[in-house]
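Trainee: The numbers in my numbering rise by one with no breaks, and the one at position 48 of the sequence shown is 1254.
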Amino acid sequence: MQPAPAMPKTWRVETKPHKFCPGCGHGLILKCLGKAIDELDIQSRVVYGCDIGCSLLSWDLFNLDTVQAHHGRTTPVMTGIKRARPELICIAYMGDGGGYSIGVQHLVSSAMRNEKITVIVANNTQYAMTGGQMAPTTLPGQKTETSPYGRDPGATGMPFRGAEMVSSIVQEGAYVARGSISNLGQLTGFLKKALKNQIEGNGFSFVEALSACPTNWRTDAAATWEFIEKDMAGYFKTGEIGPARGEAAANA
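1) Thinking C-alpha only, which one of Ala1383, Thr1343 and Leu1294 is nearest Asp1437?
2) Straight-line CA distance for Met1459 to Gln1404?
3) Rounded to whole angstroms, what is the Cα-Cα separation between Ile1447 and Cys1238?
4) Alpha carbon to alpha carbon, what distance is there between Gly1233 and Ile1297?
5) Just reading off the alpha helix (DSSP H) that Val1310 is part of, what are its end residues?
6) Taking only runs of the alpha helix (DSSP H) that begin and end inside the segment 1221-1273, which ones reach a length of at least 4 residues, in chain order?
7) Looking at Val1273: is its Cβ nearer than 8 Å to the Cβ of Gln1249?
8) If you follow the beta strand (DSSP E) that Phe1412 is in, where does it begin and where does it stop?
9) Who are the near neighbours of Leu1221 in its chain, counting only those whose CB is closer than 7 Å to its CB and skipping five residues on each side?
10) Look up Gln1339 in the DSSP assignment and give the residues it is bridged to.
11) From what residue to what residue does the alpha helix (DSSP H) around Ala1361 run?
12) Who pairs with Val1382 in a beta bridge, going by DSSP?
13) Rounded to the nearest angstrom, what separates Ala1428 and Thr1352 at their Cα positions?
So, in structure tokens, the structure goes:
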């Protein structure tokens, strides 16, 4: 009798329990990223870069070549690696503070130059690691440590829509999307498309992921999901915002 064939190993990128707070969205986003890397079978070619902030806790989560950059500088670090070693698949992972505040100049420049890297921004509407201060993405009326009466758009402006900004300045061939931890299947699909776009050499790839921070939001499970699915998704629309060149050509 022939032995039964071995079951395929679903997870090739080894991981371990994360160090994030209970209910944090980073673990879910990174699970989707790991699944996308597995499905594309690119582990040996990936260089993963993480920013300062809560995202730094992922520096040893995967058995991938990993580098941790200074706050806001992950995008140019991964750009430099990609230019030196174009065959590598370079991923820059950061929070909305690192991506849309101190690091926004690098995001703009990389998008305009059509750098062939993949940038992932976790948007939880505040600076989480330092105590929950107001961030570029804090919603109108949202209370934080530095906006105890709620964000006043008249004084601080409206929340920053990063994906729409990137979509408005990228060149043909870029891929821009926004997903959410409330729809992990869709988010995994967006991350997979972003990585595939880099693999094919089409151009800059960007995915924002709506995330959760119940610790600083001071919300229970029900209130956390309501804030993500109602308040955040109402302002930060999910979906593919900038199609890749191949998809655009196919739909022309």
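Beta carbons are placed, not taken as given, at the ideal position from N, Cα and C, and that holds for glycine.
Mentor: From the atom records:
1) Thr1343
2) The structure shown has nothing for residue 1459, since the chain only spans 1207 to 1458.
3) 19 Å
4) 16 Å
5) Val1310 to Arg1319
6) 1232-1246
7) Contact flag unset, no.
8) Ser1411 to Leu1416
9) The sequence shown places Thr at residue 1221, not Leu. Here Thr1221 has Gly1240, Leu1267 and Phe1268 as same chain residues with Cβ atoms under 7 Å from its own Cβ, once five neighbours each way along the sequence are excluded.
10) Tyr1333
11) Pro1359 to Thr1362
12) Per DSSP, the beta bridge partners of Val1382 are Phe1412 and Gly1448.
13) 25 Å
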